[in-house]
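Residue numbers (our numbering): 135 to 565.
Here's the structure, in structure tokens; my notes come after.
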Ligand code: AAL
């Protein structure tokens, strides 16, 4: 037989083998597909994503959350609240307010917190009635005060940190809603610097900064706008609120909120501005806004990324979010009764950590404490949670917040809603 005759049968054998193999692998694939589609979701919730066809909800369960159960989701927590001792509010008559606390730092054996402090002869009266003595809003004609504590429950008010400067310096009308940065051993307080009474057009202001060698001051004002409002027509054209600095990737990551849209129907979202120097220049991130919801958003380093407490406004209110890059945030957990203006004690807020340990407590505020709009004032409170790699508190990981019936009944129908229901009933005709 010549060599060609040898090649031909070999070639044929190879062809047959390829054919048989492809049939076998198709059969296996078909079997696998059949198995996948015929598999039923198991009785014991798998810890890892199962190899089977899954609905979008179950895909999301394994793709979006750190664990398929909230009890094991390290970015889920309940929030517990405690009254603070050491602050007087004139019986909540509306003349004294403390609100929008800063992150908490620990220095020389004491916790420090800074906050908006208003002490005016009257409660807020709205922009039209406001004067240089009468506040337009709860945070108008305010200063930045501070307090210290050895246990985080009882506080000793130390007095003013940042006064309102003389007109026309930034913040002459009101300095509010501050947050702290520690950078290369110096202390920086960023705050909203109002140049007119809040509410005239909107809650319009830029951000200013003062600095000190000690958390007890004295504080030197930079007396320039450090985070400017955006250009005409941009989302952050009018307000740069809630300045919130962290250190991440070796830079200052200053998150902030802006109110935009129409008065009375504000949209609120969060932006990011970064800098290598606390006094700027700050560069706003090209993807701003980076969080679609939230208000006074609190953030903290978590593992290699940044986590955010997002509540109050927007589609994604009542969520805890996470961004590996500190920019592209995804929902990591859903919670309720989240702290307003949460300002946590974050030991690694400024350490440029690559393994953020998370948070277990901080201060927040309750606004309009009495519910009487003619006596509007706010108070500082403490919250506790378990959003920490170093704590395992199962009570905090219980998804059900147990409310007594009166909590539900207090969310009763309004007069308008009752009238609508009565009207709807009258439309029913006898069948
Ligand atoms: C707060 C913050 C800012 C706003 C006002 C006072 O919750 O968002 O500080 O300007 O409300």
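Backbone N, C-alpha and C define an ideal beta-carbon position, used for all residues, glycine too.
Bear in mind the structure is a predicted one, so any value in this text is a computation, not a measurement.
Report the partner residues of residue i according to the DSSP bridge assignment.
{"i": "residue 379", "result": "388"}
{"i": "residue 253", "result": "230"}
{"i": "residue 415", "result": "Bridge partners of residue 415: none, in fact."}
{"i": "residue 546", "result": "Answer is none; residue 546 lacks a bridge partner."}
{"i": "residue 328", "result": "308"}
{"i": "residue 318", "result": "Paired residue(s): none; residue 318 is not in a bridge."}
{"i": "residue 464", "result": "456"}
{"i": "residue 403", "result": "392"}
{"i": "residue 398", "result": "In DSSP, residue 398 forms no bridge with anything."}
{"i": "residue 279", "result": "249, 294"}
{"i": "residue 289", "result": "Beta-bridge pairing links residue 289 to no other residue."}
{"i": "residue 241", "result": "244"}
{"i": "residue 440", "result": "435, 457"}
{"i": "residue 496", "result": "478, 517"}
{"i": "residue 216", "result": "516"}
How many angstroms separate the CA atom of residue i from the CA atom of residue j?
{"i": "residue 321", "j": "residue 244", "result": "16 Å"}
{"i": "residue 240", "j": "residue 481", "result": "8 Å"}
{"i": "residue 530", "j": "residue 212", "result": "5 Å"}
{"i": "residue 137", "j": "residue 144", "result": "Only weak support is given to the placement of residue 137: the predicted model assigns it a pLDDT of 48, under 50, and the value that follows is read from those uncertain coordinates. Straight-line Cα distance between these residues: approximately 11 Å."}
{"i": "residue 140", "j": "residue 150", "result": "Reliability of the predicted coordinates at residue 140 is poor, the pLDDT of 49 falling under 50, and the value obtained from them is presented with this limitation in mind. The straight-line gap from Cα to Cα measures roughly 16 Å."}
{"i": "residue 238", "j": "residue 522", "result": "16 Å"}
{"i": "residue 550", "j": "residue 558", "result": "12 Å"}
{"i": "residue 361", "j": "residue 319", "result": "22 Å"}
{"i": "residue 154", "j": "residue 406", "result": "59 Å"}
{"i": "residue 397", "j": "residue 337", "result": "9 Å"}
{"i": "residue 135", "j": "residue 152", "result": "Below a pLDDT of 50, predicted positions are generally treated as unreliable, and residue 135, at 41, falls in that range; the measurement from the model is reported next regardless. When rounded, the distance between both Cα atoms is 25 Å."}
{"i": "residue 196", "j": "residue 418", "result": "33 Å"}
{"i": "residue 316", "j": "residue 432", "result": "17 Å"}
{"i": "residue 505", "j": "residue 383", "result": "43 Å"}
{"i": "residue 552", "j": "residue 227", "result": "32 Å"}
{"i": "residue 483", "j": "residue 185", "result": "39 Å"}
{"i": "residue 284", "j": "residue 365", "result": "44 Å"}
{"i": "residue 402", "j": "residue 232", "result": "22 Å"}
{"i": "residue 267", "j": "residue 394", "result": "28 Å"}
{"i": "residue 540", "j": "residue 532", "result": "21 Å"}
Nearest by alpha-carbon distance to residue i: which of the options is it?
{"i": "residue 291", "options": "282, 517, 486, 337", "result": "282"}
{"i": "residue 280", "options": "536, 274, 312", "result": "312"}
{"i": "residue 476", "options": "488, 249, 201", "result": "249"}
{"i": "residue 309", "options": "278, 338, 377", "result": "278"}
{"i": "residue 216", "options": "293, 335, 513", "result": "513"}
{"i": "residue 498", "options": "147, 287, 262", "result": "287"}
{"i": "residue 323", "options": "558, 382, 297", "result": "297"}
{"i": "residue 399", "options": "178, 205, 448", "result": "448"}
{"i": "residue 444", "options": "434, 427, 204", "result": "427"}
{"i": "residue 235", "options": "527, 553, 500, 191", "result": "500"}
{"i": "residue 344", "options": "224, 193, 413, 459", "result": "413"}
{"i": "residue 472", "options": "492, 491, 437, 518", "result": "518"}
{"i": "residue 342", "options": "388, 365, 348, 393", "result": "388"}
{"i": "residue 202", "options": "509, 187, 183, 422", "result": "183"}
{"i": "residue 302", "options": "543, 359, 262", "result": "359"}
{"i": "residue 261", "options": "269, 435, 460", "result": "269"}
Is there at least one non-hydrogen atom of the ligand AAL closer than 7 Å to the beta-carbon of residue i?
{"i": "residue 337", "result": "yes"}
{"i": "residue 334", "result": "no"}
{"i": "residue 273", "result": "yes"}
{"i": "residue 429", "result": "yes"}
{"i": "residue 382", "result": "no"}
{"i": "residue 498", "result": "no"}
{"i": "residue 212", "result": "no"}
{"i": "residue 229", "result": "no"}
{"i": "residue 376", "result": "yes"}
{"i": "residue 551", "result": "no"}
{"i": "residue 475", "result": "yes"}
{"i": "residue 488", "result": "no"}
{"i": "residue 311", "result": "yes"}
{"i": "residue 237", "result": "no"}
{"i": "residue 234", "result": "yes"}
{"i": "residue 513", "result": "no"}
{"i": "residue 326", "result": "yes"}
{"i": "residue 536", "result": "no"}
{"i": "residue 391", "result": "yes"}
Report back the beta-carbon spacing between residue i and residue j to the nearest angstrom; my notes put them in contact at under 8 Å.
{"i": "residue 272", "j": "residue 511", "result": "7 Å"}
{"i": "residue 487", "j": "residue 525", "result": "The pair is not a contact, with the Cβ atoms about 17 Å apart (cut-off 8 Å)."}
{"i": "residue 390", "j": "residue 377", "result": "5 Å"}
{"i": "residue 218", "j": "residue 515", "result": "6 Å"}
{"i": "residue 327", "j": "residue 304", "result": "4 Å"}
{"i": "residue 209", "j": "residue 409", "result": "The pair is not a contact, with the Cβ atoms about 27 Å apart (cut-off 8 Å)."}
{"i": "residue 404", "j": "residue 386", "result": "Actually they are not in contact, since the Cβ atoms of residue 404 and residue 386 sit about 16 Å apart, beyond 8 Å."}
{"i": "residue 314", "j": "residue 340", "result": "Rounded, the Cβ-Cβ distance is 19 Å, inconsistent with contact."}
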